[in-house]
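Enquirer:
There are 2 protein chains.
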Amino acid sequence: MTVIQTQIRSGVYYDSAKLMQLQRQLSDLPGIQDAGVVMGTESNKELLSHIGLVSPEMQSAKPDDLVIIVKADDEKAAETALSRVDELLAARKSTLDQEYLPHSIEAAAQMLPGASWVLVSVAGRYAAGVARDALRLGKHVFLFSDNVSVEDEIDLKQKARELGLLVMGPDCGTAMIGGAGLGFANKIRRGPIGVVAAAGTGLQQVTSRIHQLGSGITHGIGTGGRDLSEKVGAITFLMGLDVFVRDPDTKVIVLVSKPPAPKVAEEVIKVARKAGKPVVISFVGRAVTTRQDGNLYFATGMDDAASLAVELANHPPKLETDNELNLNRFAAGQKFFRGLFSGGTLAYEAQHILADYVPKVWANAPINKENKLPNSMVSQEHCIVDLGEDEFTVGRLHPMMDNELRIRRLMEEANDPTVAVIMLDVVIGYGSHPDPASELAPAIAEAIANARKAGRHLEVVCVVTGTDEDPQNFDSQIRQLKQAGAFVDASNEVVVRRAGRILRALAESGSETGITGTPVNLDTLKKPLEAINVGLESFAENLKAQGVPTVHVDWKPVAGGNEKLASILERMKKQS
Amino acid sequence: MTVIQTQIRSGVYYDSAKLMQLQRQLSDLPGIQDAGVVMGTESNKELLSHIGLVSPEMQSAKPDDLVIIVKADDEKAAETALSRVDELLAARKSTLDQEYLPHSIEAAAQMLPGASWVLVSVAGRYAAGVARDALRLGKHVFLFSDNVSVEDEIDLKQKARELGLLVMGPDCGTAMIGGAGLGFANKIRRGPIGVVAAAGTGLQQVTSRIHQLGSGITHGIGTGGRDLSEKVGAITFLMGLDVFVRDPDTKVIVLVSKPPAPKVAEEVIKVARKAGKPVVISFVGRAVTTRQDGNLYFATGMDDAASLAVELANHPPKLETDNELNLNRFAAGQKFFRGLFSGGTLAYEAQHILADYVPKVWANAPINKENKLPNSMVSQEHCIVDLGEDEFTVGRLHPMMDNELRIRRLMEEANDPTVAVIMLDVVIGYGSHPDPASELAPAIAEAIANARKAGRHLEVVCVVTGTDEDPQNFDSQIRQLKQAGAFVDASNEVVVRRAGRILRALAESGSETGITGTPVNLDTLKKPLEAINVGLESFAENLKAQGVPTVHVDWKPVAGGNEKLASILERMKKQS
Chain G
0 MTVIQTQIRS
10 GVYYDSAKLM
20 QLQRQLSDLP
30 GIQDAGVVMG
40 TESNKELLSH
50 IGLVSPEMQS
60 AKPDDLVIIV
70 KADDEKAAET
80 ALSRVDELLA
90 ARKSTLDQEY
100 LPHSIEAAAQ
110 MLPGASWVLV
120 SVAGRYAAGV
130 ARDALRLGKH
140 VFLFSDNVSV
150 EDEIDLKQKA
160 RELGLLVMGP
170 DCGTAMIGGA
180 GLGFANKIRR
190 GPIGVVAAAG
200 TGLQQVTSRI
210 HQLGSGITHG
220 IGTGGRDLSE
230 KVGAITFLMG
240 LDVFVRDPDT
250 KVIVLVSKPP
260 APKVAEEVIK
270 VARKAGKPVV
280 ISFVGRAVTT
290 RQDGNLYFAT
300 GMDDAASLAV
310 ELANHPPKLE
320 TDNELNLNRF
330 AAGQKFFRGL
340 FSGGTLAYEA
350 QHILADYVPK
360 VWANAPINKE
370 NKLPNSMVSQ
380 EHCIVDLGED
390 EFTVGRLHPM
400 MDNELRIRRL
410 MEEANDPTVA
420 VIMLDVVIGY
430 GSHPDPASEL
440 APAIAEAIAN
450 ARKAGRHLEV
460 VCVVTGTDED
470 PQNFDSQIRQ
480 LKQAGAFVDA
490 SNEVVVRRAG
500 RILRALAESG
510 SETGITGTPV
520 NLDTLKKPLE
530 AINVGLESFA
540 ENLKAQGVPT
550 VHVDWKPVAG
560 GNEKLASILE
570 RMKKQS
Chain S
0 MTVIQTQIRS
10 GVYYDSAKLM
20 QLQRQLSDLP
30 GIQDAGVVMG
40 TESNKELLSH
50 IGLVSPEMQS
60 AKPDDLVIIV
70 KADDEKAAET
80 ALSRVDELLA
90 ARKSTLDQEY
100 LPHSIEAAAQ
110 MLPGASWVLV
120 SVAGRYAAGV
130 ARDALRLGKH
140 VFLFSDNVSV
150 EDEIDLKQKA
160 RELGLLVMGP
170 DCGTAMIGGA
180 GLGFANKIRR
190 GPIGVVAAAG
200 TGLQQVTSRI
210 HQLGSGITHG
220 IGTGGRDLSE
230 KVGAITFLMG
240 LDVFVRDPDT
250 KVIVLVSKPP
260 APKVAEEVIK
270 VARKAGKPVV
280 ISFVGRAVTT
290 RQDGNLYFAT
300 GMDDAASLAV
310 ELANHPPKLE
320 TDNELNLNRF
330 AAGQKFFRGL
340 FSGGTLAYEA
350 QHILADYVPK
360 VWANAPINKE
370 NKLPNSMVSQ
380 EHCIVDLGED
390 EFTVGRLHPM
400 MDNELRIRRL
410 MEEANDPTVA
420 VIMLDVVIGY
430 GSHPDPASEL
440 APAIAEAIAN
450 ARKAGRHLEV
460 VCVVTGTDED
470 PQNFDSQIRQ
480 LKQAGAFVDA
490 SNEVVVRRAG
500 RILRALAESG
510 SETGITGTPV
520 NLDTLKKPLE
530 AINVGLESFA
540 ENLKAQGVPT
550 VHVDWKPVAG
560 GNEKLASILE
570 RMKKQS
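The following block contains the structure:
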């Protein structure tokens, strides 16, 4: 008959690799069917129950207790197995056993003074304390541990930012620094692409694909999956981005994230726009509205991000800058967009595209109801009026046939000193006015002249929809509008994006977004990696296998895991 | 001193071109500063007030009244102008004046028996009646008029569907049939691309871009902007799509829409998936999650749609079909997906991608809270479990290091007769298990064998993340997993999309979506266009300019615009 026996141990600490090893060894003993060796958290107890390893002692174990439970053929086999626990825990094989292992980070730092990095993978409740020790010693922290509170995360990252140090994590699975992998990391060719990732396997997947496509990376900076939450506010992510902006070896930057807080994602994108290098963005769940916006390239997924980055690294694009927009022509207070459309779809697409550039666009035919323009006759802020909507065309010709209403409105908008850009669509072809530009162009010229007299620059942008076989003469329409001073293109998207870039640049002029805190010293990333490891021994072994000088700390929780005593000691250390 | 005088006329009908012409002529008379000639709707009165053409008479005009209002230098000029209204209305110049004009569609149809098309652009309140007449005569309807009720639209389109006739509109600005433009239309080269558009200027913009890129179209079928609303349910849009599916000259189909009702958009996409031809989709405001899904290509905007279509027309792709999925291997009842992930980002991306294929995916770490798996230990329906989440890793090795928990769960899921596809990610590199496939592959083989014994096919799909320089031997990992019977790829997206295609095909098998009603007779689109025009004379003139045999109907509202009498006559006609 199957029996289950349990052993509970309090106030002990072993790393999870050792627990797993013990569990396997117990399972392999004669007469043992299954074994579990875990800390007594609720979810671990649920897991054990789920696989039939359940007992009253196990049920009453506390999160700090070590639960050792075996299912055996008979009582004797169970007892024999449990009696061997101490012996099995004592016997272990590690390449590290041959070395002297220091018992503190301080001691390790003295043994390896060139180490700029500390890897922390101790149990979550001890991790923040270890990370603080590392920061005090001026080291970057790779914080693999999970189950760390968000308050600790914020505190650590704010401290680190002041010091110019990176805190990657908590729950940071992966980083690749100067060719060496930290935590879970692939062997990736060195190359011109820098990757920042709030996404552990995301970093692995993107960099593996970059390698598979024949290119490589400078560094892969992990941040932990919570970095782009509203609370943390992308502290490490923005520092990582800043590293790659300043690093001359990085030619293309890739930003990867698990689903980010939308506000934080937009903030990061705003900073990325100033990078002066191509930046590929792959944020899971963020809708892609355009493939490219200036130096930004938006990927539909991680594979796509890798392909885009390699393509950009192999064929560096000429980046457009805001200089060509001549923003200094505009007067103070000019900031708004007025779209006067005759084509409904063009007006909808314009709303959709402008959402990439400005926070809100009012419209008489809005995509989202909350943007409904209260009075179609009166513009406000950024706004798009479709003059082909039913409300304007009862017993009245469509604006593609008759320009009168649109010209009246154009002159009104042009006199508004808050208006910077006016957009018109000029749709030719059968049915349309026989020569719309002959009426619109003089009005545009007059509107621009009026604004100039009042000390302003009015940007008028026009999309011309039509073909060279249309009755109106396509080229002549374009020429007339250009001669009147308008920016003209046959692509609605090109025209709207130009307007959007002007509006965004006007809104942002004067509000420089800089990195707060101390910039990371690039030399600490550039010089060959040396590291201190606290926690999982396998991480130290991996670093050594990569030829990275590493000191493993034979770490035990302060005060033997007694939380109360440990927190007193921590407070004393903080005040010193 | 400026004076304003007003004339109100009741029970009269003129088309809007004539009203606009009168307004211009009045404005040009001596001493007249401005003039307005409009029907007395609220928005027209507001427009007039807005430009300073306001009077008590104008304010009290009703929607059926014709308002003629002038602003003049003095009373005499105003009076003189208004006294000339009848004379100006009588004098008009039109090429149509030289011809005999029938007074009804019936008479026109007898004059031009080859006409398959009726263009309707009379005032909105009369338009549905005229369109019904056209359908009774077996004609396709191009319904330019706006201000038509959605109830009339649905009624017209349902009738038309039964008859195999197209009702394009109401508020359909544009169509291009067999090289001829209806309404507002550009001159577009003939070519291999068919366009369906719930978007007037959208159709013009996309077809103009196609022309500019050197390609051309078979037809451009407009539907009116409301066709993809929930109420109308894309009746004409689906009929147009069906036309292009059956038309051998159409090699690529483009679908364009103003912001559609999301449910209707997905329904259309579902039908488009069966097209057997490349279909490019550009729905304003619909997020693009992938560039390609089988025969479907998703554009980020209208210009992008045109480029994609031309590219596909010039370089026809080899389309993947569901045949290669061998769906008949699965047993009845197999339909669900179970993702057992070790990598959080891979799991998030999988959720994001699967949303393209199945309605809901549960997850322990969901992108959207409402998809939170109630119990992480127990799968339900489609579901993704990230075994690297904190809940699974307290005092326990990460699943990239230790496969035990994942293998247990794999065997559980494999025994569930509702499960069709199981996905695993295998992330190698430093830190990971030294040879994960050596443990996972035997388990996969066993799971597949168990399912086979139970009469089922279990599809196991794996993404392997890593490089050829990783310590584990990348190729060997892939080989072992493939030998166990798994589908394996290095791209997370490729693997998830394969799973998605299987799930979607299983869900849809047996539920054939066919076109209801009568299919449109392709010959009516293929033969040279002949048309009957009711409403704006300029549309008839434009057709003639394109060499299209056209009869213009000298139409007046039934009963001289008396609505009550008209509706009685209409009801009598219906019953006859």
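From first to last, the protein sequence lines are chains G and S. Just so we're aligned, residue 0 is where the first sequence starts under numbering that gives the first Met the number 0, counting upward by one. Just so we're aligned, residue 0 is where the second sequence starts under numbering that gives the first Met the number 0, counting upward by one. Think of the CB as a built atom: it goes at the ideal place given N, C-alpha and C, for glycine as much as any other residue. Bear in mind the structure is a predicted one, so any value in this text is a computation, not a measurement.
(1) Could you compute how far the alpha carbon of SER306 (chain S) sits from the alpha carbon of VAL166 (chain S)?
(2) Flag this pair as touching only if the stretch 317-325 of chain G and the stretch 220-234 of chain G have three or more C-beta atom pairs under 8 Å; answer yes or no.
(3) Identify every residue that forms a DSSP beta bridge with GLU458 (chain S).
(4) Please identify the residue among S:SER281, S:LYS250, S:VAL242 and S:GLU266 whose C-alpha is closest to the C-alpha of ALA233 (chain S).
(5) Determine the chain G residues that contact GLN545 (chain S) at a beta-carbon separation under 8 Å, and present them in chain order.
(6) Pairs of beta-carbons, one from the stretch 259-279 of chain G and one from the stretch 209-222 of chain G, closer than 8 Å: are there three or more?
(7) Counting only runs of 3+ residues fully inside the stretch 438-521 of chain S, write out the beta strand (DSSP E) ranges in chain order.
(8) When DSSP labels each residue in this structure, what does PRO191 (chain G) get in the three-state scheme?
(9) Distance check for GLY300 (chain S) and SER575 (chain S), CA to CA, integer angstroms please.
(10) Within the same chain, show all residues whose beta-carbon is closer than 8 Å to that of SER490 (chain G), passing over the 5 residues directly before and after it, in chain order.
(11) If the cut is a Cβ gap below 9 Å, which residues of chain G does MET19 (chain S) touch?
(12) Nearest CA to the CA of LEU457 (chain S): which residue from S:GLY465, S:ALA446 and S:THR466?
(13) Have a look at MET0 (chain G) and VAL36 (chain G) and give me their C-alpha separation to the nearest angstrom.
(14) Tell me the rounded alpha-carbon separation between ARG8 (chain G) and GLU74 (chain G).
(15) Count the other C-beta atoms from every protein chain shown that fall within 10 angstroms of the C-beta of ARG455 (chain G), then say buried if there are 16 or more, exposed otherwise.
(16) Identify which residue in G:GLU348, G:ARG189, G:SER120 and G:LEU524 has its Cα closest to the Cα of ALA539 (chain G).
(17) Could you confirm whether any beta carbon from chain C is found closer than 8 Å to the beta carbon of MET422 (chain G)?
(18) Look at ARG160 (chain G) and THR417 (chain G) and say whether their C-beta atoms are less than 8 Å apart.
(19) Mind listing which residues of the stretch 275-291 of chain S have their C-beta closer than 7 Å to chain G's C-betas, in chain order?
(20) Can you list, in chain order, the residues of the stretch 165-198 of chain G whose Cβ is nearer than 7 Å to any Cβ on chain S?
(21) Have a look at PRO527 (chain S) and GLY178 (chain S) and give me their C-alpha separation to the nearest angstrom.
(22) If you count every other CB in all the chains shown that lies within 10 Å of the CB of SER144 (chain G), and 16 or more means buried, which is it?
(23) Determine the DSSP secondary structure at TYR125 (chain G), reduced to helix, strand or coil.
(24) Can you check whether the C-beta of SER54 (chain S) is within less than 8 Å of a C-beta belonging to chain G?
(25) Using beta carbons (cut-off 8 Å, strictly below), is SER490 (chain G) in contact with chain S?
(26) Would you decide whether SER475 (chain G) is buried or exposed? Buried here means 16 or more other CB atoms lie within 10 Å of its CB.
(27) For my contact list, LEU202 (chain S) and VAL194 (chain S) are in at a C-beta cut-off of 8 Å; report their separation, rounded to the angstrom.
(28) Can you give me, in chain order, the residues of the stretch 13-45 of chain S that have a beta carbon less than 7 Å from any beta carbon in chain G?
(29) Tell me whether PRO112 (chain G) is buried or exposed, calling it buried when 16 or more other Cβ atoms sit within 10 Å of its Cβ.
(30) Please list, in chain order, the residues of the stretch 444-469 of chain S that have any C-beta partner in chain G closer than 7 Å.
(31) Helix, strand or coil, according to DSSP, for ARG337 (chain S) in the structure here?
(32) Going by DSSP, name the residue or residues bridged to HIS218 (chain G).
(33) What are the start and end residues of each continuous beta strand (DSSP E) run of 3 or more residues lying completely inside the stretch 298-358 of chain G, in chain order?
(34) Since ASP389 (chain S) is in the alpha helix (DSSP H), which residue starts that stretch and which ends it?
(35) Shortest alpha-carbon distance to ILE421 (chain S) belongs to which of S:SER431, S:ALA444 and S:LYS158?
(36) Chain S partners of GLU348 (chain G), CB-CB under 7 Å?
Expert: Answer, in terms of the structure:
(1) When the Cα atoms are used, SER306 (chain S) and VAL166 (chain S) turn out to be separated by approximately 29 Å.
(2) Taking 8 Å as the limit for Cβ pairs, the verdict is that the stretch 220-234 of chain G does not touch the stretch 317-325 of chain G.
(3) S:VAL420
(4) S:GLU266
(5) Near GLN545 (chain S) (Cβ distances below 8 Å), the residues of chain G are TYR429.
(6) No, they do not touch.
(7) 458-464 and 486-488
(8) strand
(9) Because SER575 (chain S) sits at a pLDDT of 48, beneath the cut-off of 50, its placement in the model cannot be relied upon, and the following sentence gives the value as read from the coordinates. Answer to the nearest angstrom: the Cα atoms are 48 Å apart.
(10) VAL462
(11) ARG395, LEU396, MET400, ASP401 and GLU403, listed in chain order.
(12) Proximity to LEU457 (chain S) across S:GLY465, S:ALA446 and S:THR466 peaks at S:ALA446, based on C-alpha coordinates.
(13) 22 Å
(14) Each residue's CA atom was taken as its position, placing ARG8 (chain G) and GLU74 (chain G) some 20 Å apart.
(15) buried
(16) G:SER120
(17) Among the protein chains in the structure shown, which are G and S, there is no chain C.
(18) no
(19) VAL283, GLY284, ALA286, VAL287, THR288, THR289 and ARG290
(20) GLY180, GLY182, PHE183, ALA184, ASN185, LYS186, ILE187 and ALA198
(21) Rounded to the nearest angstrom, the two C-alpha atoms are 9 Å apart.
(22) Classification of SER144 (chain G): buried, given that the 10 Å Cβ count is 16 or more.
(23) helix
(24) no
(25) yes
(26) exposed
(27) 6 Å
(28) From the stretch 13-45 of chain S, only SER15, ALA16, LEU18, MET19, VAL37, MET38, THR40, SER42, ASN43 and GLU45 have a Cβ closer than 7 Å to chain G.
(29) So PRO112 (chain G) ends up on the exposed side.
(30) THR464, GLY465, THR466, GLU468 and ASP469
(31) strand
(32) G:ILE176
(33) 335-340
(34) 389-392
(35) S:ALA444
(36) VAL283, GLY300 and MET301
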